[in-house]
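Our numbering applies: residue 71 is where the sequence shown begins, and numbers increase by one.
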Amino acid sequence: MANPLDTDAGSELFSSYEAELKLIQADINQKLDQVAEASGEQRKAAISHTERALDEANELLDQMRMEKQNIPSAARSKVNVRFRNYSSDIDGLKLKLKSLSDDRRALFGDRYTDDPEAGDAHMEQRQQLLSGTERLERSSARLQESQRLALETEDIGRGTLADLEVQRQTIERTRQNLHQSEGYVDTSIKTLRGMARWLQIGL
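Structural data, given as structure tokens:
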């Protein structure tokens, strides 16, 4: 579990998201316990409620991912570590829900059977539906992972651009100082030459 975020300048909104995510995580864990204890229609309802809570957690993670860009660079590295910990926590809860959702005997109660000739006329349809749902979940997971990688790449790109801008400004200031120094040198040379001419005339 990620540690609480230290209070840094610009991190207040991130901290509020963090506190909200902790509450949602606790709620998800409670809902997962309900899923494990339920069966049949009650189990389906508990799974649905847990999925909605996980969606809320994902939305918060997206908000945190964007907000952490507003945190000063000095504190951003530890924020990134904590953000990855939260992402890992949520992924673990998703896997636990998937494991519970795949328990078909608990989902369908005593009506479940692996024998296609057991007499339940709708069992094959249920199995096909579950197979289709699993394929959809895998596709959705791949899409979410691609989106996560794209957002992280975007974060890195923004950070690199910010660093390059700072370097550009430093170079510009150095160039201006150099030009100013060259002006001083030119003035000094002219002054020395003038003094030399006056000395020659005096001699």
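Glycine included, each C-beta is placed from N, C-alpha and C at the ideal position.
Reducing DSSP to helix, strand and coil, say where residue 172 ends up.
Residue state, collapsed to three classes: coil.
Are there 16 or more other CB atoms within 10 angstroms of the CB of residue 88, so buried, or fewer, so exposed?
Flag for residue 88 reads buried.
Quick one: measure Cβ to Cβ for residue 163 and residue 98, integer angstroms, because I've assumed they're closer than 8 Å.
Correct: roughly 5 Å between the Cβ atoms.
Tell me whether residue 254 is buried or exposed, calling it buried when 16 or more other Cβ atoms sit within 10 Å of its Cβ.
Classification for residue 254: exposed.
Can you give the Cα-Cα distance for residue 142 and residue 211, rounded to whole angstroms?
Their Cα atoms are separated by approximately 32 Å.
Alpha helix (DSSP H) containing residue 94: first to last residue?
Start and end: 82-107.
Which value, in whole angstroms, describes the spacing of the CA atoms of residue 246 and residue 261?
In a straight line, the C-alpha of residue 246 is about 23 Å away from that of residue 261.
For the alpha helix (DSSP H) containing residue 138, name the first residue and the last one.
Premise fails: residue 138 is in no alpha helix (DSSP H) and is neither H nor E.
With C-beta atoms as the reference, is residue 101 less than 7 Å away from residue 119?
In contact: residue 101 and residue 119 (Cβ atoms closer than 7 Å).
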